[in-house]
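Colleague:
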Amino acid sequence: MGKKILLADDDPDVVEVVSMLLEDEGYEVVTARDGAAALEKIKLENPDLIILDLLMPHVDGFAVFDMLQDPRYERWSKIPVVILTSVREEVSNRRYELETGRKMDYAAYLEKPADPDQLLELVSRLTGSSG
Amino acid sequence: MRQRIIQEIARSVVAAGGVDSILRALVEATSRGTGAMGCSLFTLDEDSGRLAPRISCGAGEVVSRLGQVLADNALRHILEGNPLFVWDVSGDPRLVQRQELEREGVTSTVFLPFRDRQGVRGIMGLYFGEAQKFNREDLDFLNSIGELGGMILHMAEARELVARDAEEARQSLARVQAERRHFLGFLSMVAHDLKSPLVAVQGYLKMLLRKGSDRLDERMLQGIRRSIQRIDGMMELISDLLELSRLESGQVLAELKTVSWEEVLSAAVEMAHELAEPKGILVSADIRRPLPEVFASDIRLQQLILNLVSNSVRFTPRGGRITVRAWHEDDAVTVSVEDEGTGIEPEKLPRIFEEFYKGDPESTEGTGLGLSICKRIVDMHHGDIWAESPVPETGKGTRVTFTIPVGVTCSMEERWKLAGERERVVVTRRRSEEG
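Respectively, the protein sequence lines represent chains R and C.
The numbering of the first sequence is the numbering used here, which starts it at 1 and goes up by one.
The numbering of the second sequence is the numbering used here, which starts it at 132 and goes up by one.
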C-alpha cells in the first residue's frame, strides 16, 4: 500500500493539483484546509509525510509546525515536513525564529510554484518509497 | 529702581517656559519693578497691522479691554519707535479714553515700543496711580526695557517656532513611516493574493503537460509551455515589485548583522553555478581573499550578485562564460560580474538602472526591475554601481561592477534623515508663506 501524505493548504486548486500529482504516483493523500484540521488529521491518520502551506487562515502553518514540537505531539514529531508555500525561505525562517526563538527544522522547503518532478523526487526520498 | 527692574525681569524671564509665560513674567516684573499699578502688552499682528492685547496685569487688565486708548497720531509716534510719557491723563489729548483711565485711578502713564531687529512688534503700557516725574534719563531707561522686551519676544517666538517645527517634522516622519509600513503590509497581501491564483493555474498547466502529452499535438504542448513561462514572468514581476518596496521601506534593517564577504561570495558563486550551468554557461570566479567583514544584510548582498549573474545568463549564449571577481582595496570591496553576452548598446547604458527599463522592450523575459533592485541595495550600503559594455579588455559582453565601503554600516537611517529634513523644510516654508 502506498505511503500516506497529509497535504495542508487553504487553496483548493493547489490541493487538487498536488493530490492529482501524488495520487498518480500511488500515494494516499489526506487533505486539510487549515492548520487546525491539519493537526486533527495528523493525530487521526498518522501520515508518513506532511506537506504544509504556511499562510493559512485561523491556525497557520507556522503554528502547526510549532505545535509538532510540543510534547503532546511527540508521537508525530518525527514525521518529515515539507514546507510548500509562496513565502520566501529566509523570510519564513526569520519570522519563525523571531516568534518562537527556535530554528524551523523542516525536511525540505519548496517555494510555490514548485516543479512537479522536484516535489515527487522529494516525497519519494523522504518517504523512502516510490509511492 | 533700575537695578530692581532688571533683576526682576531677568529672574522671571529665565524661569518662564513658553512665549506667553515669558511675556507674562516680563509684564509682571516691569510692573512690579517700576512700582506701577498695572501693565499691559499689546502685540502687532503682522497680517492685519493691528495692535491686539496680549498680556496684562493689575490695572492693565481693565485698560486692555478698553479698545484703542491712544489717539492715532500718538499711536503712530510710538509705532515709529518712540516712548510716550503722559504725566497727567486727565487733560491730555493724546489719550482718547482719558475718563476711563481716570476712573480706574490712573494718573500717569508710559507707553513703550517693543522693538526687535525687524522693527516695532508691540507696545507696553505702564499705568501709575500717582503722578510720576520721569526725567529724560528715566525715559531712556524705560525705552531700553522696551527694546529688551522686544528681543525677549523675538527669541521666545523663534524658540517656540523651532520647537514646533521639530515636533511637526517628527510627527510627519512618524506618519510617513507608519504609512509606509501599512502600505508594505497591504502590498505583501496583494502580492500573495495575486500569486496564489497564478500558482494554481500554473499547477494545472503543468499537470496537463505531464498527463496529456500523448493526447495533444506539439503546437498545443508548446502553447502550454509558453503559458507556464508567461506565468513565471508575471510571478517574477510581482516578487520584484514586492522586493523593491521592501528595500524602499527599510524593512531590511531587521536583517542586518556582521557579514563575512567571503561567505557571501562563496554562497553567491555556488548559486551562480546552479543558475548558469543548466543553460550551458560556465561560471568562473576570481575571489582575492582575504575579504573583510561588513555590517550588512547577507541575503541582500547575495541577491545583488545573483541578480547580476542572472542578467548575464539571460544575455549569454550557450557555451559562453560569466566571470565573478571580488577584491578588497582602498577600504572598499569591489565585485564585478562580467559576461560574453550580446552587450548593451551605448545609448541604453545610462538608463539600465532605471525602474522597468528593458533594453529590448519587446522581450517577455525579465521584469526590468532587477538592476534597479541592485541599485537600491548598493545605495543602502552607501556604495556605487556602474556598467561597461563592451568590456574594455575583451571588446565584448557587459561588465557590471559595484563597490561597497568597508567601514560603513548599512542603513536606511540616512534616507530617513533626508526624508525628515525635506519634511521640515516644507513645514518651515509653509509657515513663512502663511506669515
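We put the CB at the ideal spot given by N, CA and C, even for glycine.
1) Between the stretch 4-17 of chain R and chain C, which residues of the former have a C-beta closer than 7 Å to a C-beta of the latter?
2) What residues in its chain sit with their C-beta under 8 Å from that of V227 of chain C, if we drop five residues either side in the sequence?
3) Note down, in chain order, each residue of its chain lying with its Cβ closer than 7 Å to the Cβ of V332 of chain C, except the 5 sequence neighbours on either side.
4) Kindly confirm or deny that the stretch 398-418 of chain C and the stretch 346-362 of chain C touch, where touching means at least three C-beta pairs closer than 8 Å.
5) Taking only three categories from DSSP, how would you classify S428 of chain C?
6) What is the residue span of the beta strand (DSSP E) that M255 of chain C lies within?
7) By DSSP, does F446 of chain C sit in helix, in strand, or in coil?
8) Taking G277 of chain C and F245 of chain C to be in contact with their CB atoms under 8 Å, please state how far apart those CB atoms are, rounded to whole angstroms.
9) Verify the CB distance criterion: does G343 of chain C have a CB-CB separation below 8 Å to chain R?
10) Would A407 of chain C and V444 of chain C be called neighbours here (beta carbons separated by less than 8 Å)?
11) Can you list, in chain order, the residues of the stretch 18-32 of chain R whose Cβ is nearer than 7 Å to any Cβ on chain C?
12) Quick one: Cα of I483 of chain C to Cα of E496 of chain C, how far?
13) Within the same chain, show all residues whose beta-carbon is closer than 7 Å to that of E554 of chain C, passing over the 5 residues directly before and after it, in chain order.
14) Taking only the alpha-carbon atoms, compute the straight-line gap between R133 of chain C and L292 of chain C and give it to the nearest angstrom.
15) Taking the beta carbon of P12 of chain R as the centre, do at least 16 other beta carbons fall within 10 Å, making it buried, or is it exposed?
16) Near G35 of chain R, which residues of its chain fall below 6 Å by C-beta distance, leaving aside the five closest residues on each side in sequence?
17) Within the same chain, show all residues whose beta-carbon is closer than 6 Å to that of E340 of chain C, passing over the 5 residues directly before and after it, in chain order.
18) Roughly how many angstroms lie between the CA atoms of S143 of chain C and L154 of chain C, to the nearest whole one?
19) Under a Cβ-count criterion, where at least 16 other Cβ atoms within 10 Å of its own Cβ denotes burial, should N438 of chain C be classed as buried or exposed?
20) At least one CB of chain R closer than 8 Å to the CB of R142 of chain C: is that the case?
21) Quick check: the stretch 39-52 of chain R against the stretch 4-18 of chain R, are at least 3 beta-carbon pairs closer than 8 Å?
22) In angstroms, rounded to a whole number, what distance separates the CA positions of L215 of chain C and V193 of chain C?
23) In the DSSP assignment, find the unbroken alpha helix (DSSP H) run with D117 of chain R in it and report its ends.
24) List the DSSP bridge partners of R456 of chain C.
25) Closer than 7 Å between beta carbons: that is the criterion. Which residues of the stretch 317-349 of chain C meet it against chain R?
26) Can you check which of these residues, C:C170, C:V251 and C:E159, is closest to L652 of chain C by C-alpha distance?
27) I'd like to know if I355 of chain C contacts chain R, where contact means its C-beta is closer than 8 Å to some C-beta of that chain.
28) Please report whether the beta-carbon of S86 of chain R lies at a distance below 8 Å from any beta-carbon of chain C.
29) Which value, in whole angstroms, describes the spacing of the CA atoms of L325 of chain C and R346 of chain C?
30) Can you give, in chain order, each stretch of the beta strand (DSSP E) that sits fully within the stretch 506-540 of chain C and has at least 3 residues?
31) Let me make sure I understand the geometry here. Which of C:A457, C:R431, C:E405 and C:I418 has the alpha-carbon closest to that of S441 of chain C?
32) Short of 8 Å Cβ to Cβ, which residues in the stretch 420-438 of chain C face chain R?
Modeller: Reading from the atomic positions:
1) Listed by position, the residues of the stretch 4-17 of chain R near chain C (Cβ gap below 7 Å) are D11, D13, V14 and V17.
2) The residue given as residue 227 of chain C occupies position 96 in the second sequence. Once the five neighbours on either side are set aside, the close Cβ partners of V227 of chain C are Q199, V200, L201 and A202.
3) Sequence index remark: in the second sequence, residue 332 of chain C carries index 201 (1-based). The residues are I362.
4) No: the two stretches stay apart, fewer than three of their Cβ pairs being nearer than 8 Å.
5) Reading the second sequence from its first residue, position 297 is the one you call residue 428 of chain C. The answer is coil: DSSP assigns S428 of chain C none of H, G, I, E or B.
6) Mapped onto the second sequence, residue 255 of chain C falls at position 124. Element bounds for M255 of chain C: G250 to F259.
7) Residue 446 of chain C sits at position 315 when you count from the first residue of the second sequence. Residue state, collapsed to three classes: helix.
8) Locating residue 277 of chain C in the second sequence gives position 146, where the first residue counts as 1. Locating residue 245 of chain C in the second sequence gives position 114, where the first residue counts as 1. Right, the Cβ-Cβ distance comes to about 5 Å (below 8 Å), so this counts as a contact.
9) Here residue 343 of chain C corresponds to residue number 212 of the second sequence, with the count starting at 1. Cβ-Cβ to chain R under 8 Å: no for G343 of chain C.
10) Here residue 407 of chain C is taken as the residue at index 276 of the second sequence, counted from 1. Here residue 444 of chain C is taken as the residue at index 313 of the second sequence, counted from 1. Yes, Cβ-Cβ distance for A407 of chain C and V444 of chain C is below 8 Å.
11) Within the stretch 18-32 of chain R, contact with chain C at the beta-carbon level (separation under 7 Å) is assigned to M20 and L21.
12) Position 352 of the second sequence holds residue 483 of chain C. Position 365 of the second sequence holds residue 496 of chain C. Distance between the alpha carbons of I483 of chain C and E496 of chain C is about 15 Å.
13) To locate residue 554 of chain C, count along the second sequence from 1; it is residue 423. Model confidence at E554 of chain C stands at a pLDDT of 37, short of 50, so the residue's coordinates are unreliable and nothing is read from them.
14) The count along the second sequence starts at 1 and reaches residue 133 of chain C at position 2. The count along the second sequence starts at 1 and reaches residue 292 of chain C at position 161. The alpha-carbon of R133 of chain C is positioned some 32 Å away from that of L292 of chain C.
15) As a first step, residue 12 of chain R must be located in the first sequence, where it is residue number 12. That one is exposed.
16) Within the first sequence, the letter at position 35 stands for residue 35 of chain R. Apart from the 5 residues on each side of it in sequence, G35 of chain R sits with its Cβ closer than 6 Å to the Cβ of M56, V59, D60, A63 and V64 in its chain, given in chain order.
17) Locating residue 340 of chain C in the second sequence gives position 209, where the first residue counts as 1. A small fix is needed here, since residue 340 of chain C is Leu in this sequence, not Glu. Here the set comprises I355.
18) Along the second sequence, one-based indexing puts residue 143 of chain C at 12. Along the second sequence, one-based indexing puts residue 154 of chain C at 23. Roughly 10 Å separates the two Cα atoms.
19) Looking up residue 438 of chain C in the second sequence gives position 307. Classification for N438 of chain C: buried.
20) As a working mapping, residue 142 of chain C is identified with position 11 in the second sequence. No, no contact with chain R.
21) Verdict: yes, contact present.
22) For the purposes of this step, residue 215 of chain C is identified with residue 84 of the second sequence, where counting begins at 1. For the purposes of this step, residue 193 of chain C is identified with residue 62 of the second sequence, where counting begins at 1. Going by the C-alpha atoms only, they are around 20 Å apart.
23) On the first sequence, residue 117 of chain R is found 117 positions in, with the first residue counted as 1. Boundaries of the alpha helix (DSSP H) around D117 of chain R: P116 to T127.
24) Position 325 of the second sequence, counted from the start, is the residue given in the question as residue 456 of chain C. Paired residue(s): C:D417 and C:S467.
25) Residues of the stretch 317-349 of chain C with a Cβ closer than 7 Å to any Cβ of chain R, in chain order: H323, K326, S327, V330, A331, Q333, G334, Y335, K337, M338 and R341.
26) Lying before the first or after the last residue shown, residue 652 of chain C is absent from chain C, which here runs from 132 to 566.
27) On the second sequence, residue 355 of chain C is found 224 positions in, with the first residue counted as 1. No, no contact with chain R.
28) Position 86 of the first sequence, counted from the first residue, corresponds to residue 86 of chain R. Cβ-Cβ to chain C under 8 Å: yes for S86 of chain R.
29) Within the second sequence, the letter at position 194 stands for residue 325 of chain C. Within the second sequence, the letter at position 215 stands for residue 346 of chain C. For L325 of chain C and R346 of chain C, the distance between alpha carbons rounds to 31 Å.
30) Taking only runs of at least 3 residues, the beta strand (DSSP E) segments lying wholly in the stretch 506-540 of chain C are 515-519 and 530-536.
31) Position 310 of the second sequence holds residue 441 of chain C. Residue nearest to S441 of chain C within the set C:A457, C:R431, C:E405 and C:I418 is C:E405 (criterion: CA-CA distance).
32) Of all residues in the stretch 420-438 of chain C, I430 have a Cβ within less than 8 Å of some Cβ in chain R.
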